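What follows is a single structure, written as structure tokens, with notes after it.
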Amino acid sequence: MRPTGKLHLGNYMGALHNWVRLQDDPQYECYFFIADWHALTTDYADPSQIAANKREVILDYLAAGLDPNKGTVLFVQSDVKQHAELHLLLSMITSVGWLERVPTYKEQQENIRDKDLSTYGFLGYPLLQAADILIYQPAFVPVGQDQVAHVELTREVARRFNTMYKLGRIEDFQISDPDAVRELKEQALAAGVVIGGPTVKARGVRPHPNFGKATVFPEPEALLTPSPKLPGTDGRKMSKSYGNTILLSDPEAEIRAKLKPMVTDPARVRRTDPGNPDKCPVGDLHKIFSTQDTIAKVYEGCKTAGIGCIECKSWAADAIVSMLAPIQERRVHFEQNPALVTDILADGARRATARAEQTMREVRSAMGLGSSLPGISAE
Ligand code: SF4
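Residues in the sequence shown are numbered from 911 upward in steps of one, following the working numbering.
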């Protein structure tokens, strides 16, 4: 997520809630970060809010339940320089046309009128995203439907890279002696392994015939986040830019005050008019946050005009307040322990850097980079 300030219920239901679920599934090893370089692609002229916004986002991540003790890696993008290096290297093989065709590129240029987005950085942001993803050689990227085009670009870039550059991997050698494996690995990397065929020889070890054909990047798949329709207080999609949000950190009184004027089914002009929760944004909130009992009461009361909208909204507020209670409790804990948050980010950056560097060694090697020179042996 870009650091745009405190997160709202739309961010939670659209992403965070699912991230916490993925984190709790033992088959996934998760990396989540705060995309501060991405913030600069649109806010380069005024970066004054980025630092404060980073703080809010990490507090909301932790409050929502992302937890480094469960193996999740949480970090700030600009703390892991390998993202920028991979972005640069991928830019060598990415056609400008691919970037211009990303649907959000034109859309945002047309919609965001108060900023000059005719910059190289803005054109390249989907490629930076591709680097953000590929640097962890992942199988999946958890995204909403609106990000699927970006994952498709990522797959195309990975495919082009893999077609152009091959890498010898140590797994391609049929050997089991760990010392020989280590030695081979060092030699392979020092020798700037392999474009197009095996060049590494180790004492008494023959490379597997597939050596030099291994690919660096997987083509990650979008793991679509099932996100319910979450209306904002004006009935449109909840979004910071519409000013219709309920924040994860809003106190109870604020939540109730925001829900009071919320739009309802227009058929209920008078208290005695029956309505339909399926045509009412408050009804949508109930479907997401309320218990089955409350939902049944809402349908019954709304359709028979047995309840008023004020009462119905107060039930929706009850449900949201109780859902947010443990989240807000965790947030207070982290707000009161800023050193703990700093440590979590530092540790996350260290772990992410180690994993990213592992990928970059393969990338540099496949692209013929590094300090070793032909004819000069590492031995
Ligand atoms: S009673 Fe509830 S669901 Fe029905 S129109 Fe009013 S707010 Fe909407």
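Heads up, the beta-carbon is just placed ideally off N, CA and C, and yes, glycines get one too. Since we're looking at a predicted model, the values are computed, not measured.
Would you mind stating whether ALA994 and TYR922 have Cβ atoms separated by less than 8 Å? The sequence position of residue 994 within the sequence shown is 84, counting from 1. The sequence position of residue 922 within the sequence shown is 12, counting from 1. No, the pair does not count as a contact, with Cβ atoms beyond the cut-off.
Cβ-based neighbour list, ARG1113, same chain, cut-off 6 Å, excluding 5 preceding and 5 following: Along the sequence shown, one-based indexing puts residue 1113 at 203. Any reading at ARG1113 is ruled out, since the residue's pLDDT is 43, under 50, leaving its predicted position unreliable.
Report buried or exposed for VAL1273, applying the criterion of at least 16 other Cβ atoms within 10 angstroms of its Cβ. Taking the first residue of the sequence shown as position 1, residue 1273 is located at position 363. So VAL1273 ends up on the buried side.
Could you check the C-alpha separation between GLN1268 and CYS940 for me, to the nearest Å? As a position in the sequence shown, residue 1268 is number 358, starting the count at 1. As a position in the sequence shown, residue 940 is number 30, starting the count at 1. Those two C-alpha atoms are separated by around 16 Å.
Of the listed residues SER1224, GLY1211 and TYR1030, nearest to TYR1015 (C-alpha basis): On the sequence shown, position 105 is the one that residue 1015 refers to. Among SER1224, GLY1211 and TYR1030, the Cα nearest to that of TYR1015 is on TYR1030.
Within 10 angstroms of its Cβ, does GLY1107 collect 16 or more other Cβ (buried), or is it exposed? The residue given as residue 1107 occupies position 197 in the sequence shown. For GLY1107, the predicted structure reports a pLDDT of 37, less than 50, and the residue's modelled location is therefore unreliable. The matter cannot be settled from this model.
Name the DSSP beta bridge partners of VAL1173, please? Here the question's residue 1173 lines up with position 263 in the sequence shown. None, per the DSSP bridge assignment.
Of the residues TRP1008, VAL1006, TYR1035 and THR1004, the one placed nearest GLN1018, counting alpha carbons only: As a first step, residue 1018 must be located in the sequence shown, where it is residue number 108. Closest option to GLN1018, Cα to Cα, is TYR1035.
Is LYS1223 near the ligand SF4 - that is, is its Cβ less than 7 Å away from at least one heavy atom of it? To locate residue 1223, count along the sequence shown from 1; it is residue 313. Yes, Cβ of LYS1223 sits closer than 7 Å to a heavy atom of the ligand SF4.
Selected residue, minimal CA-CA separation from PHE942, among GLN959, LEU1140, GLY981 and THR1174: Here residue 942 refers to the residue found at position 32 of the sequence shown. Ranking the options by Cα distance to PHE942, first place goes to GLY981.
Looking at the strands, I want to know which residues DSSP matches up with TYR941. On the sequence shown, residue 941 is found 31 positions in, with the first residue counted as 1. In the DSSP output, where bridge partners are listed per residue, TYR941 has VAL983.
Environment of ALA1191 [buried if 16+ CB atoms lie within 10 Å]: Start at 1 with the first residue of the sequence shown, and residue 1191 comes out as number 281. What sits at residue 1191 in the sequence shown is Pro, not Ala. Buried: at least 16 other Cβ atoms inside 10 Å.
Tell me the DSSP secondary structure of LYS964 in three-state form. Against the sequence shown, residue 964 aligns to sequence position 54. It is helical.
So the candidates are ASP1026, GLU1210, GLN1057 and ASP1024; which of them puts its Cα closest to the Cα of ALA1040? For the purposes of this step, residue 1040 is taken as the residue at position 130 of the sequence shown. Per the Cα distances, GLN1057.
With distances taken from CA atoms, which of VAL1051, LEU1140 and LYS1139 is nearest GLU1131? The count along the sequence shown starts at 1 and reaches residue 1131 at position 221. Checked all of VAL1051, LEU1140 and LYS1139; the closest Cα to GLU1131 is VAL1051.
Euclidean distance between Cα positions of MET1148 and ASN1154: The sequence position of residue 1148 within the sequence shown is 238, counting from 1. The sequence position of residue 1154 within the sequence shown is 244, counting from 1. Roughly 6 Å between the two C-alpha positions.
Whole-angstrom distance between LEU1038 and ASN1247, CA atom to CA atom: In the sequence shown, residue 1247 corresponds to position 337, counting from 1. In the sequence shown, residue 1038 corresponds to position 128, counting from 1. One C-alpha to the other measures close to 32 Å.
Whole-number beta carbon distance between ARG1261 and VAL983, since they are thought to touch under 8 Å: Taking the first residue of the sequence shown as position 1, residue 983 is located at position 73. Taking the first residue of the sequence shown as position 1, residue 1261 is located at position 351. Rounded, the Cβ-Cβ distance is 5 Å, consistent with contact.
Could you confirm whether any beta carbon from chain B is found closer than 8 Å to the beta carbon of TYR941? Here there is only one protein chain, and chain B is not present.
Check this for me: beta carbons of TYR1209 and PRO1187, under 8 Å apart or not? Within the sequence shown, residue 1209 is the residue found at index 299, counting from 1. Within the sequence shown, residue 1187 is the residue found at index 277, counting from 1. Going by C-beta atoms, TYR1209 is nearer than 8 Å to PRO1187.
Measure from the alpha carbon of PRO1138 to the alpha carbon of each residue in PHE1032, ILE1198 and SER1232, then state which is nearest. To locate residue 1138, count along the sequence shown from 1; it is residue 228. PRO1138 has its Cα closest to that of ILE1198, out of PHE1032, ILE1198 and SER1232.
May I have a chain-ordered list of the alpha helix (DSSP H) segments no shorter than 4 residues that lie completely inside the region 1045-1082? 1058-1074
Segment contact, 8 Å Cβ cut-off, at least three pairs: the region 956-963 with the region 1222-1234: no
Near ILE1286, which residues of its chain fall below 6 Å by C-beta distance, leaving aside the five closest residues on each side in sequence? As a working note, residue 1286 is residue 376 in the sequence shown. Confidence at ILE1286 is low in this model, with a pLDDT of 48, below 50, so its placement is unreliable and no value can be given for it.
Give me, in chain order, the residues of the same chain whose beta-carbon lies closer than 6 Å to that of LEU1279; leave out the 5 immediate sequence neighbours on both sides. If you number the sequence shown from 1, residue 1279 lands on position 369. A distance below 6 Å between beta-carbons, with the five flanking residues on each side excluded, links LEU1279 to no residue of its chain.
Alpha carbon to alpha carbon, how far is THR1174 from GLY1193? Give it in angstroms, no decimals. The sequence position of residue 1193 within the sequence shown is 283, counting from 1. The sequence position of residue 1174 within the sequence shown is 264, counting from 1. Each residue's alpha carbon lies about 8 Å from the other.
Taking the alpha helix (DSSP H) that LEU1000 belongs to, which residues open and close that run? Within the sequence shown, numbered from 1, the residue matching residue 1000 stands at position 90. First-last of the alpha helix (DSSP H) with LEU1000: 992-1001.
Can you find the residues in the same chain that come closer than 6 Å, C-beta to C-beta, to PRO1048, ignoring five residues on each side of it along the sequence? If you number the sequence shown from 1, residue 1048 lands on position 138. Here the set comprises PRO1130.
Can you determine whether any heavy atom of the ligand SF4 sits closer than 7 Å to the C-beta of GLY1185, and answer yes or no? Within the sequence shown, the letter at position 275 stands for residue 1185. Taking the Cβ of GLY1185 as the reference point, at least one heavy atom of the ligand SF4 falls within a distance shorter than 7 Å.
C-beta atoms of LEU996 and ILE944 nearer than 8 Å: By one-based count along the sequence shown, residue 996 stands at place 86. By one-based count along the sequence shown, residue 944 stands at place 34. Contact: no.
Exposed or buried, what is ALA925 when buried is set at 16 or more other beta-carbons lying within 10 Å of its beta-carbon? For the purposes of this step, residue 925 is taken as residue 15 along the sequence shown, with counting starting at 1. Flag for ALA925 reads buried.
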